[in-house]
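Participant:
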Amino acid sequence: MVDLNVKIGQLELRNPVMTASGTVGYGLEFQDFVDLSRLGGIVVKGTTLKPREGNPYPRMAETASGMLNCVGLQNKGVDYFCEHIYPTVKDLQTNVVVNVSGSSIEDYVECARRIGELERIPAIELNISCPNVRQGGMAFGVTCEGAAAVTKAGRAAYGKTLIVKLSPNVTDIAEIARAVEAEGADAVSLINTLMGMAIDAERRRKVLSIGTGGLSGPAVKPVALRMVYQVAKAVGIPVVGLGGIMTATDAVEFLLAGASAVEIGTANFIDPSVTVKVVEGIEAYLERHGFSSVREIIGALED
Amino acid sequence: MKKYIIDLRVTGTERVGAQCVLLRMEPVEGALPEMAPGQFVQLRVDAQGVFLRRPISIHDVRGNEIDFLVQVVGEGTQWLASLTVGDTVNAVLPLGKGFSTHHPQPTTPLLVGGGVGVAPLLYLGRVLKEKGIRPTFLLGARTKDLLLRLDAFREVGEVLVTTEDGSMGEKGFVTQHSVFNSTTPSLIQCCGPTPMMKAVAKLARERGIDCEVSLENRMACGMGACLCCVTETTEGHKCVCTEGPVFDASELLMAKG
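Which chain is which? The protein sequence lines are A and B, in order. Here my numbering = 1-based position in the first sequence + 132. Here my numbering = 1-based position in the second sequence + 11.
As structure tokens, then:
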């Protein structure tokens, strides 16, 4: 039996596999396919202080080995989450992490504070990297000053494990990670989607309602791996790696690049049972290579 | 309704018209789960350049066989259309909320379809017939050659036809058919191109007829997680994949204008 436990801040995960925000709803949607108690955790849909309708349809375009989305943080707001969703997810036998977003620092703070009052939510993922909202979101995540300011305020408002989700749409992601670490983040997760665009040549029109969207799926994996590698070298806090993971081998690559845990996102759309397969595949990899703990392969690239 | 991931094996294929293929499949193992008319499946496509599953409506279910009527519109549906007997396809099913089938008696539902949108109406008609309700189909197309599977529909209920060029049935759009002059259906259940569904919903509203329409917005997950396939409703954005694809037309903003 190999040891799959990892720790992210105060958050103890039974294995390093979590779901990425916005890809399994609140987990309940996937229970016919996944025994959630077999996952390290689930990161539920981005939550904001006030309800958000999100962007108009169309919000999605398929691309080579991936997809673009411009959902724009549609959610019913933190009050609805606390009153109606929390009671349905609080007894799930896994770590339920809430992704928190906002259009101002005050919004992030209040939303984080409200989630902090929920006993069974052990961590939040501060989303400073959504590319699909006009105000806030990625705007905070693309400068060191912005990232530091949100993290500082979030840290002051939230006492449990604080993960900050970083944007890849920057010149130097390691610099942003260091700024976030300096303000007290317990961990960083990366990458959020890469900003992209799709055009319908026949109709001579933009495909997505707002023109641009965030690219996810295997198409972004090499970029994500590179960024995880750079950030893991640059900071002392744990790194949660995500971006295009479809298989256990993909997940192992992120661990080797320095991630302490991974999130699986778009792959859930292709195979709704993929997360458990990745857990089993990581375990098989460790056994095959004679490791006794998954922690032995974190950042364990050979020269 | 519980959802499953299962492998389906192709047991038959048939070209239908110039652009469609009828795919008949059965589970590689075990029995098909219960499925409601108007629900859909997400089929895994193993073709170059195709990443996401393809949502395909349930055309018919008989015993342990499920039929899909697939119109070739891109690489994904081209791959599906090229399947041959014995090939297997991975499916997530059943998905979404279908047409209502619990009608108060006596009832005279009119099932209105156009283009490949006629697909879910066959299974709907079959289920209604099994409940002792004889459905009437009103099927429209630009021209005679684009009307799909009329014989299969005739086995299940009465079939009325309109074509825009008058090559078969009454000339004009479905909303101009004389059936609306002689009778008032208790319910219209509609699936077809957006302009047709808008026109049918408008007619239903003006005549005070309950109307259900089935949408086919572009989807990613098919399970209510990604929120990509939303439509605007009187209560804000709703996912077509889980709160539809069948909606009460009075709820949809697209059916109001």
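Just so it is clear, CB atoms sit at the ideal spot from N, CA and C, and this is done for glycine as well. Every value quoted in this text rests on a predicted model; they were computed, and no experiment measured them.
Going by the CB atoms, is the gap between His248/B and Gln267/A shorter than 7 Å?
Facilitator: Within the first sequence, the letter at position 135 stands for residue 267/A. Within the second sequence, the letter at position 237 stands for residue 248/B. Not a contact, by the Cβ cut-off of 7 Å.
Participant: Please return the same chain residues whose Cβ sits closer than 7 Å to the Cβ of Val170/A, not counting the five positions on each side in sequence.
Facilitator: As a first step, residue 170/A must be located in the first sequence, where it is residue number 38. The sequence given here places Arg at residue 170/A; Val does not occur at that position. The residues are Val408, Val411.
Participant: Let's see if you can read the secondary structure: which residues bound the beta strand (DSSP E) around Glu25/B?
Facilitator: In the second sequence, the residue the question calls residue 25/B occupies position 14. Glu25/B -> beta strand (DSSP E) spans 15–27.
Participant: Pick from Lys182/B, Thr244/B, Gly177/B, Ser261/B: whose alpha carbon is nearest that of Arg216/B?
Facilitator: Position 205 of the second sequence, counted from the start, is the residue given in the question as residue 216/B. With distances taken between Cα atoms, Arg216/B lies closest to Ser261/B.
Participant: I want to verify the contact list: residues of chain A whose CB lies under 9 Å from the CB of Ile16/B, in sequence order.
Facilitator: Stepping through the second sequence from its first residue, residue 16/B is reached at position 5. Correct list: Asp164, Phe165, Asp403, Pro404, Ser405.
Participant: Is there a Cβ from chain B that is less than 7 Å from the Cβ of Arg191/A?
Facilitator: Counting from 1 along the first sequence, the entry for residue 191/A is found at position 59. Taking Cβ atoms only, chain B reaches closer than 7 Å to Arg191/A, which makes this a yes.
Participant: Between Met327/A and chain B, is the shortest Cβ-Cβ distance under 7 Å, so that the two count as touching?
Facilitator: Translated into the one-based positions of the first sequence, residue 327/A becomes position 195. Chain B, which has no Cβ nearer than 7 Å to the Cβ of Met327/A, makes this no.
Participant: Please list the partners that Phe184/B has in chain A, where partner means a Cβ-to-Cβ separation under 9 Å.
Facilitator: As a position in the second sequence, residue 184/B is number 173, starting the count at 1. In chain order: nothing, as chain A lies at least about 24 Å away.
Participant: Does the structure place the stretch 321–336 of chain A close enough to the stretch 290–303 of chain A that three or more beta carbon pairs sit under 8 Å?
Facilitator: These segments touch.
Participant: Can you give me the C-alpha to C-alpha distance between Leu43/B and Asn75/B, rounded to a whole angstrom?
Facilitator: If you number the second sequence from 1, residue 43/B lands on position 32. If you number the second sequence from 1, residue 75/B lands on position 64. Near 6 Å, if we compare the C-alpha coordinates of Asn75/B and Leu43/B.
Participant: Less than 7 Å separating the beta-carbons of Leu387/A and Ile430/A?
Facilitator: As a first step, residue 387/A must be located in the first sequence, where it is residue number 255. As a first step, residue 430/A must be located in the first sequence, where it is residue number 298. Yes, the Cβ-Cβ distance between Leu387/A and Ile430/A is below 7 Å.
Participant: Roughly how many whole angstroms lie between the Cα atoms of Cys222/B and Val127/B?
Facilitator: As a working note, residue 222/B is residue 211 in the second sequence. As a working note, residue 127/B is residue 116 in the second sequence. About 19 Å.
Participant: According to DSSP, simplified to helix, strand and coil, what is Ile144/B?
Facilitator: Your numbering for residue 144/B matches position 133 in the second sequence. Three-state result, Ile144/B: coil.
Participant: State the start and end residues of the unbroken beta strand (DSSP E) segment that holds Thr99/B.
Facilitator: Within the second sequence, the letter at position 88 stands for residue 99/B. Per DSSP, Thr99/B belongs to the beta strand (DSSP E) from 99–106.
Participant: Please classify Asn4/B: is it buried, with 16 or more other beta-carbons within 10 angstroms of its beta-carbon, or exposed?
Facilitator: Coverage of chain B is limited to positions 12 through 268, which leaves residue 4/B absent and any answer about it impossible.
Participant: When the Cα of Val232/A is compared with those of Ile247/A, Leu145/A, Val265/A, Gly198/A, which residue comes out closest?
Facilitator: Start at 1 with the first residue of the first sequence, and residue 232/A comes out as number 100. Residue Ile247/A is the option with its Cα nearest to Val232/A.
Participant: Got a sec: which bits of the stretch 219–240 of chain B sit with their beta carbon under 8 Å from any beta carbon on chain D, in order along the chain?
Facilitator: Checking the listed chains, one finds no chain D in this structure; the protein chains it contains are A and B.
Participant: Identify the contact partners of Thr155/A in chain B, using a Cβ-Cβ distance below 7 Å as the criterion.
Facilitator: Counting from one through the first sequence, the residue named residue 155/A turns up at place 23. By Cβ distance, chain B contributes Ala236, Cys237.
Participant: Please confirm if Phe62/B has its CB atom under 7 Å from at least one CB of chain A.
Facilitator: For this step, residue 62/B is matched to residue 51 along the second sequence. It does: the Cβ of Phe62/B has a partner Cβ on chain A nearer than 7 Å.
Participant: Could you spell out the range, first to last residue, of the beta strand (DSSP E) harbouring Phe62/B?
Facilitator: Taking the first residue of the second sequence as position 1, residue 62/B is located at position 51. Premise fails: Phe62/B is in no beta strand (DSSP E) and is neither H nor E.
Participant: Return no unless some Cβ of chain A is closer than 7 Å to the Cβ of Gly247/B.
Facilitator: As a working note, residue 247/B is residue 236 in the second sequence. Judged by the 7 Å Cβ criterion, Gly247/B is in contact with chain A.
Participant: State buried or exposed for Gly286/A, treating a residue as buried only when at least 16 other CB atoms are found within 10 Å of its CB.
Facilitator: To locate residue 286/A, count along the first sequence from 1; it is residue 154. So Gly286/A counts as buried.
Participant: Determine whether the Cβ of Lys209/B lies closer than 7 Å to any Cβ atom of chain A.
Facilitator: By 1-based counting over the second sequence, the position of residue 209/B is 198. So no, Lys209/B is outside the interface.
Participant: Count the other CB atoms, across all protein chains shown, that sit within 10 Å of the CB of Pro219/A; report buried if there are 16 or more and exposed otherwise.
Facilitator: As a first step, residue 219/A is located in the first sequence; it is residue number 87 there, counting from the start. That one is exposed.
Participant: Assign Phe51/B to one of three DSSP states: helix, strand, or coil.
Facilitator: Here the question's residue 51/B lines up with position 40 in the second sequence. In this structure, Phe51/B counts as strand in the three-state DSSP scheme.
Participant: Counting only Cβ pairs nearer than 8 Å, list the residues of chain A close to Lys267/B.
Facilitator: Your numbering for residue 267/B matches position 256 in the second sequence. The premise fails here: Lys267/B is roughly 16 Å from chain A at the closest Cβ pair, so nothing lies under 8 Å.
Participant: Taking 7 Å as the CB-CB cut-off, is Lys13/B touching chain A?
Facilitator: Counting from one through the second sequence, the residue named residue 13/B turns up at place 2. Chain A contact via Cβ: present.
Participant: Between the beta-carbon of Lys209/B and the beta-carbon of Ala266/B, is there less than 7 Å?
Facilitator: Locating residue 209/B in the second sequence gives position 198, counting from the first residue. Locating residue 266/B in the second sequence gives position 255, counting from the first residue. Yes. Within cutoff.
Participant: Is the shortest distance between the beta-carbon of Glu194/A and the beta-carbons of chain B less than 7 Å?
Facilitator: Within the first sequence, residue 194/A is the residue found at index 62, counting from 1. Glu194/A counts as touching chain B.
Participant: Output the distance between the C-alpha atoms of Asn184/A and Val265/A, rounded to the nearest integer angstrom.
Facilitator: Position 52 of the first sequence, counted from the first residue, corresponds to residue 184/A. Position 133 of the first sequence, counted from the first residue, corresponds to residue 265/A. Looking at the sequence shown, residue 184/A is not Asn but Arg. Taking the straight line from one Cα to the other gives about 10 Å.
Participant: Using CA coordinates, which residue listed in Asn259/A, Glu194/A, Asn147/A is at the minimum distance from Ile331/A?
Facilitator: For this step, residue 331/A is matched to residue 199 along the first sequence. When only C-alpha atoms are compared, the closest one is Glu194/A.
Participant: Can you pull the chain B residues whose beta carbon is under 9 Å from the beta carbon of Gly198/A, in chain order?
Facilitator: The sequence position of residue 198/A within the first sequence is 66, counting from 1. Neighbours of Gly198/A on chain B, chain order: Phe62.
Participant: Can you tell me the Cα-Cα spacing of Arg35/B and His70/B, whole angstroms?
Facilitator: Translated into positions along the second sequence, residue 35/B becomes position 24. Translated into positions along the second sequence, residue 70/B becomes position 59. C-alpha separation (whole angstroms): 10 Å.
Participant: Would you identify the three-state DSSP class for Arg337/A, choosing helix, strand or coil?
Facilitator: The residue labelled residue 337/A in the question sits at position 205 within the first sequence. Looking at Arg337/A - three-state DSSP - the assignment turns out to be strand.
Participant: Short of 8 Å in beta carbon distance, which residues of its chain neighbour Tyr290/A, apart from the five on each side in sequence? Order them along the chain.
Facilitator: Numbered from its first residue, the first sequence carries residue 290/A at position 158. Cβ neighbours of Tyr290/A beyond the five flanking positions: Ala244, Arg245, Ile247, Gly248, Ile256.
Participant: Asn137/A lies in the beta strand (DSSP E); which residues open and close that run?
Facilitator: For this step, residue 137/A is matched to residue 5 along the first sequence. Here Asn137/A belongs to no beta strand (DSSP E), and DSSP marks it neither H nor E.
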